[in-house]
Amino acid sequence: MPLTQLVPAVASMLALAGTPAHGACDLTFSNQDSGGRVTTVTLRCEPDGGSHPHAARACQALEAADGDFDRLTGQDQPCPMIWQPVTATATGHWRGRPVQYSHTYPNRCEAAVRSAQVFDF
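Taken in order, the sequence shown gives residues -23 to -1, 1 to 98; the numbers are from mature numbering (1 follows the signal peptide of the UniProt record, and there is no 0).
Okay, here's the thing in structure tokens:
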């Protein structure tokens, strides 16, 4: 292959190397409770998948919030008033943008309800 063809081919491969391997998102979520137990799942959107038990619902909620976890619309559902704090975190990429999010909820129910089920695992 002549050098004039090789340079653009290598440049395009390098450009693709910096992009996420999946569609709209490639995220890892963790919930850590007050006892130190950590639960971790993965989420991919477009196509929806990963180990998140409600991947399609979580992708819908993130799409509606354009990947902004502070804009997730919680549900109007009661949770027990039990103080068992859960720190929910998300890391990865949303539509090419890096994601670093962490929030402590009063308990697992609140984490699920207030995050539109994104942290429901």
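Backbone N, C-alpha and C define an ideal beta-carbon position, used for all residues, glycine too.
Owing to the predicted nature of the structure, the values given are computational and were not obtained by experimental measurement.
Which of helix, strand or coil DSSP assigns to residue 49: Secondary structure of residue 49 (DSSP, three-state): coil.
Is it true that the CB of residue 30 sits closer than 9 angstroms to the CB of residue 15? No, the pair does not count as a contact, with Cβ atoms beyond the cut-off.
Return helix, strand or coil for residue 2, following the three-state DSSP convention. DSSP places residue 2 in strand when its eight states are reduced to three.
In the DSSP assignment, what residue or residues form a beta bridge with residue 20? Residue 20 is bridged to 4.
Separation of residue 74 from residue 51, as counted between CA atoms: Each residue's Cα considered, the two are about 23 angstroms apart.
Helix, strand or coil at residue 37 according to DSSP, with G and I counted as helix: The three-state reading of DSSP puts residue 37 in helix, counting H, G and I together.
Out of 62, 38, 47 and 5, which one is the CA nearest neighbour of residue 84? Across the set 62, 38, 47 and 5, the C-alpha of 62 shows the shortest separation from the C-alpha of residue 84.
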